[in-house]
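Numbering (the numbering used here), first residue to last: 5 to 232.
Just so it is clear, CB atoms sit at the ideal spot from N, CA and C, and this is done for glycine as well.
Because the structure is a prediction, the values reported are computed rather than measured.
Notes follow the structure.
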Amino acid sequence: MRCTSVVIADRHPVVLQGLKNVLRAESGFKVVACCSDGTNCIEAIRSLVPDIAILDISLPGLTGLEILTIANSEGLSTRLVFFTSSVEDRELVISAVAGAYGVILKDVALEILVQSLRQVADGQRLLPLPPSDQTVPREQRNAANTENVLSVLTDRERQIMRLVSEGLSNKEIGRRLNIVDGTIKVHLHNIFQKLEISNRTVLAALAISQNDSAGVPSGNQVSRIRSG
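As structure tokens, then:
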């Protein structure tokens, strides 16, 4: 049996140790790193290139969605699975659109946890999809999901979203579109409210996932996105 390498990242030491013990007791898994914050997690993913990374969605330093954005922008092959206490529908949709392989609740039975990770190791995604989507290629499903999430935005708001994904600041976006900085702030406020998100990084993750001309930020650009 091929051994699946795993990086684990969780802010709670008890959860971190528990996951480590569970996977070490299972055949076919090798825990190569344990991290308590997002910064060390993304560095472990970059340097060790594990098959799977199990992430607390609310890691300090960099959140799970921020790590997903960086992994997408750098073309990292590691399959990301979010491990969380609860999942809001909006977060689940954003995670699916942005390319996560699954979301697993922390109170799931151990056998289900292990089975789910074996599915991810085999290349299967865990995120639930409507039955009618099962015969649709994954690329088409992701595009459809993205369109559903972003359908509430105006053309101008979509334009601003794409520029945010390129790492531009509000002032730079204003110069590009020939509108004042304050107007950009108003548009971003409206975008965040419509999509029920709270920051530029999640917005960039949605933009990156589109099958259009949205720019894919580099690691440096992701830092700029975070700082706004």
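| Query | Result |
| --- | --- |
| DSSP-derived helix/strand/coil call for R204 | helix |
| Buried versus exposed, by CB contacts within 10 Å (16 or more), E47 | exposed |
| Burial state of A113 (16 or more Cβ within 10 Å) | exposed |
| Candidates G32, L63 and E70: closest to T88 by CA position | L63 |
| Backbone CA spacing between T187 and V35 [nearest angstrom] | 48 Å |
| Beta-bridge partners of R83, as assigned by DSSP | I56 |
| Delimiting residues of the beta strand (DSSP E) encompassing L66 | Per DSSP, L66 belongs to no beta strand (DSSP E) and is neither H nor E. |
| Helix, strand or coil at I12 according to DSSP, with G and I counted as helix | strand |
| Nearest-angstrom Cα separation, counted from E30 out to V168 | 43 Å |
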